[in-house]
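Residue numbers (the working numbering): 13 to 259.
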């Protein structure tokens, strides 16, 4: 039986995403756990995130005869810094990379001229050749960004990117271009060599046509994530105090 499993992870806790990318990559953790419990020996991933990039809604495909509730429970219990929260049963094989929409978010902190940044980012909306804004490989560099939006949450600006597919380093390169106040991105002749840091980038969701995901109750497996959340909050307050922003 084929299943899509939707999951999230804190990217800074792993050596990278792809299998073989260090002993603690995202894929290696999942595959090793599935293999250890005789669930399956391979997965197909919907999106490969850069090292230190996190995800809230990445997806992978498995083929297994095991009860899916048992599979979800094992994954949540055995892999730290990840959470597996919904699944979809498929009638036939389906490549998880063929989606309707991917949504990424980039988190900005501090004082920013958000109007200028959004004006720069608006130049990237639509169908373009992004060869100067990605790491080149054998893939076609023509991509379409359907929409870019911005919201504010407390001290943070959240930049949201909507598109069917993105290329390696594309969004980090685009963000670096916009943060530098540049305009006319497709008027430059050479590759733009700067990239924004990976840590503020998160894959928010992957949406499919005709597929309904079923929520899995992973509340009893949240202890590790909740502990990490508290540590992050303490670290944030520590730096606020060190910077003289709190008394």
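We treat Cβ as the ideally placed atom computed from N, Cα and C, and that holds for glycine.
Tell me the rounded alpha-carbon separation between residue 90 and residue 42.
9 Å
Classify residue 11: buried if its beta carbon has 16 or more other beta carbons within 10 angstroms, exposed otherwise.
This structure does not reach residue 11, given that the chain is present from 13 up to 259, and the question cannot be answered.
I think residue 213 touches residue 183, with their Cβ atoms under 8 Å apart; what is that distance to the nearest whole Å?
6 Å
Beta-carbon separation of residue 15 and residue 99 under 8 Å?
yes
Let's test the definition: count the other Cβ atoms within 10 Å of the Cβ of residue 37 and tell me whether it reaches 16, buried, or not, exposed.
buried
For residue 194 and residue 205, what's the separation of their Cα atoms in angstroms?
13 Å
Smallest Cα separation from residue 114: which of 250, 215, 225, 251?
215
Would you call residue 155 buried or exposed, if buried means 16 or more other Cβ atoms sit within 10 Å of its Cβ?
Residue 155 comes out buried.
Rounded to whole angstroms, what is the Cα-Cα separation between residue 50 and residue 44?
The straight-line gap from Cα to Cα measures roughly 10 Å.
When DSSP labels each residue in this structure, what does residue 252 get in the three-state scheme?
Three-state DSSP puts residue 252 in a helix.
Starting from residue 56, follow its DSSP beta bridges and name the residues at the other end.
73
What residues in its chain sit with their C-beta under 6 Å from that of residue 133, if we drop five residues either side in the sequence?
160, 190
Quick one: what does DSSP say residue 215 is sitting in, helix, strand or coil?
strand
Per DSSP, what kind of secondary structure is residue 113 in: helix, strand or coil?
Strand.
In this structure, does DSSP put residue 172 in helix, strand or coil?
Strand, per DSSP.
Could you name the residues of the same chain whose beta carbon sits closer than 7 Å to that of residue 220, not counting the 5 residues immediately before and after it, in chain order?
111, 112
What number of angstroms, rounded off, separates the C-alpha of residue 55 from the C-alpha of residue 256?
48 Å
List the DSSP bridge partners of residue 206.
Paired residue(s): none; residue 206 is not in a bridge.
Closest by CA to residue 174, which one among 145, 138, 252?
Of the residues 145, 138, 252, the one whose Cα lies closest to the Cα of residue 174 is 138.
Which value, in whole angstroms, describes the spacing of the CA atoms of residue 79 and residue 66?
28 Å
Looking at the secondary structure, which residues open and close the alpha helix (DSSP H) in which residue 13 lies?
For residue 13, no alpha helix (DSSP H) encloses it, and the DSSP letter there is neither H nor E.
Buried or exposed for residue 83, going by 16 or more other Cβ atoms inside 10 Å?
By the beta-carbon neighbour count (other beta carbons within 10 angstroms, threshold 16), residue 83 is buried.
Check whether the Cβ atoms of residue 69 and residue 20 lie closer than 8 Å to each other.
yes
Under 8 Å, do residue 127 and residue 172 count as touching if we go by C-beta distance?
no
Nearest-angstrom Cα distance between residue 231 and residue 72?
21 Å
Who are the near neighbours of residue 97 in its chain, counting only those whose CB is closer than 6 Å to its CB and skipping five residues on each side?
The residues 228, 230, in chain order, have a CB closer than 6 Å to that of residue 97 in the same chain once the five nearest residues on each side in sequence are set aside.
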